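Protein chains in written order, with the working numbering: chain A, 9 to 239; chain B, 12 to 144.
Some notes on the structure that comes next.
Here you go:
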């Protein structure tokens, strides 16, 4: 199937916030493998939108900053409204993910092994995760009952492959960083078959400076604890 | 001391409100009744301050002013919570609005960039979002 070999049935969703420095090269790199890319510029104050416009990626702009969770949902909604998308990949804008990993994850989803494939930093010998960051991420997993039920090792990895039925059902309501745990909760409650595969994170100086800080972990825990209890 | 019961009760109520979604007509009515009771209590406290002290003594609080302070704290927390929940709901709505606008705008822009199939020329009305199923 030419549509499959050239990945025309795949949409890559990249939430972008102030990534003008790197976004164009990240997008071009992704587009060598996946032609359909949608970048959601989340009200960036730098010229991220111009950089995206130079590439062949679809550009969606939030007029105001709404957070990464909101951007992901916007990108998914946009991609779902296009014809022919069967798989949806979420990908970080700062260049910390490798396209090879996305390809390998997609292969599993295509093979029918799972409806959802999540990337994990902890399954394999991941390189150089700063120790304090590792502790923070592990704590988030440990405190999330649903992540434990799915036996996930990494609740906050931005690299995910979703099959269309799952992407259609997903409604991200946590606009901020807690969306990652929200997605995991959604998956645990749904019937989707979820697997986790090891991915390599490229901790460059750039992505380190932008990545989630430990303080952010506190915010994530608060957001999650007050969300829609009993509802 | 009865005041402890009252204040702990207020805290439990706050917590319940926080973790359960008590919206809707009943809640609305409850808030309004509470508001009028509050006005009435104010009027009484202004006209007969000694009565407040009497109530305070009954509850095991020394002075009426102290009782008012305690209740104020409880009322403040409840009001803050109410505001928080309302803000969250507004946030949800405005996210929805922004998303709809952003996607519609993007479809126009990306069509112009040649990334989306062109619509029939002379379309005077903006094309509505097309969903493929």
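A virtual CB, placed ideally from N, CA and C, is assigned to each residue, including glycine.
Since the structure is predicted, the reported quantities are computational estimates derived from the model, not experimental observations.
Beta carbon of residue i nearer than 8 Å to that of residue j
{"i": "residue 6 (chain A)", "j": "residue 205 (chain A)", "result": "Summary: the structure shown does not reach residue 6 (chain A), with chain A confined to residues 9 through 239, and so no result is reported for it."}
{"i": "residue 160 (chain A)", "j": "residue 192 (chain A)", "result": "yes"}
{"i": "residue 34 (chain A)", "j": "residue 52 (chain A)", "result": "no"}
{"i": "residue 20 (chain A)", "j": "residue 45 (chain A)", "result": "yes"}
{"i": "residue 112 (chain B)", "j": "residue 121 (chain B)", "result": "no"}
{"i": "residue 187 (chain A)", "j": "residue 77 (chain A)", "result": "yes"}
{"i": "residue 22 (chain A)", "j": "residue 99 (chain A)", "result": "yes"}
{"i": "residue 148 (chain A)", "j": "residue 164 (chain A)", "result": "yes"}
{"i": "residue 103 (chain A)", "j": "residue 212 (chain A)", "result": "yes"}
{"i": "residue 68 (chain A)", "j": "residue 117 (chain B)", "result": "yes"}
{"i": "residue 111 (chain A)", "j": "residue 195 (chain A)", "result": "no"}
{"i": "residue 21 (chain B)", "j": "residue 76 (chain B)", "result": "no"}
{"i": "residue 90 (chain A)", "j": "residue 63 (chain A)", "result": "no"}
{"i": "residue 8 (chain B)", "j": "residue 79 (chain B)", "result": "Residue 8 (chain B) lies beyond the range of chain B shown here (12 to 144); nothing can be said about it."}
{"i": "residue 162 (chain A)", "j": "residue 128 (chain A)", "result": "yes"}
Among the options, nearest to residue i - alpha-carbon criterion
{"i": "residue 201 (chain A)", "options": "A:180, A:172, A:104, A:186", "result": "A:172"}
{"i": "residue 17 (chain B)", "options": "B:114, B:71, B:47", "result": "B:71"}
{"i": "residue 41 (chain A)", "options": "A:65, A:127, A:142", "result": "A:65"}
{"i": "residue 13 (chain B)", "options": "B:66, B:61, B:55, B:97", "result": "B:66"}
{"i": "residue 17 (chain A)", "options": "A:88, A:185, A:144", "result": "A:88"}
{"i": "residue 28 (chain A)", "options": "A:14, A:61, A:15", "result": "A:61"}
{"i": "residue 72 (chain A)", "options": "A:126, A:26, A:119", "result": "A:26"}
{"i": "residue 96 (chain B)", "options": "B:15, B:23, B:24, B:30", "result": "B:30"}
Within chain B, the residues that residue i reaches when beta carbons sit closer than 9 Å
{"i": "residue 81 (chain A)", "result": "106, 110"}
{"i": "residue 78 (chain A)", "result": "106, 109, 110"}
Cβ neighbour criterion (16 or more within 10 Å) applied to residue i
{"i": "residue 104 (chain B)", "result": "exposed"}
{"i": "residue 190 (chain A)", "result": "buried"}
{"i": "residue 50 (chain B)", "result": "exposed"}
{"i": "residue 68 (chain B)", "result": "exposed"}
{"i": "residue 39 (chain B)", "result": "exposed"}
{"i": "residue 179 (chain A)", "result": "exposed"}
{"i": "residue 237 (chain A)", "result": "At residue 237 (chain A), the pLDDT of 41 sits below 50, so the modelled position is not reliable; the number obtained from the coordinates is stated separately. Classification of residue 237 (chain A): exposed, given that the 10 Å Cβ count is below 16."}
{"i": "residue 97 (chain A)", "result": "buried"}
{"i": "residue 27 (chain B)", "result": "exposed"}
{"i": "residue 81 (chain A)", "result": "buried"}
{"i": "residue 158 (chain A)", "result": "buried"}
Interface partners of residue i on chain B, CB under 7 Å
{"i": "residue 68 (chain A)", "result": "113, 114, 117"}
Chain B contact residues for residue i, given Cβ-Cβ distances below 8 Å
{"i": "residue 85 (chain A)", "result": "110, 114"}
{"i": "residue 72 (chain A)", "result": "109"}
Residue i: contacting residues in chain C (beta-carbon distance under 7 Å)
{"i": "residue 120 (chain B)", "result": "As a matter of chain content, chain C is missing from the structure shown, whose protein chains are A and B."}
Chain A contact residues for residue i, given Cβ-Cβ distances below 7 Å
{"i": "residue 103 (chain B)", "result": "181"}
{"i": "residue 24 (chain B)", "result": "Under the 7 Å cutoff, chain A gives no residues; its nearest Cβ is about 15 Å from residue 24 (chain B)."}
Closer than 9 Å at the beta carbon, the chain A residues around residue i
{"i": "residue 82 (chain B)", "result": "Under the 9 Å cutoff, chain A gives no residues; its nearest Cβ is about 25 Å from residue 82 (chain B)."}
{"i": "residue 19 (chain B)", "result": "Within chain A, no residue comes near residue 19 (chain B); the closest Cβ sits about 21 Å away, beyond 9 Å."}
{"i": "residue 28 (chain B)", "result": "Correct list: empty, because the minimum Cβ distance to chain A is about 11 Å."}
Near the ligand GDP: residue i beta-carbon under 7 Å from a heavy atom
{"i": "residue 22 (chain A)", "result": "The ligand GDP is not part of this structure, which contains no ligands at all."}
Next on the checklist: Please list, in chain order, the residues of the stretch 165-193 of chain A that have any C-beta partner in chain B closer than 8 Å.
Outcome noted: 181, 183
Checklist entry - Given a limit of 7 Å on CB to CB distance, which residues of the stretch 89-100 of chain B reach chain A? => result none
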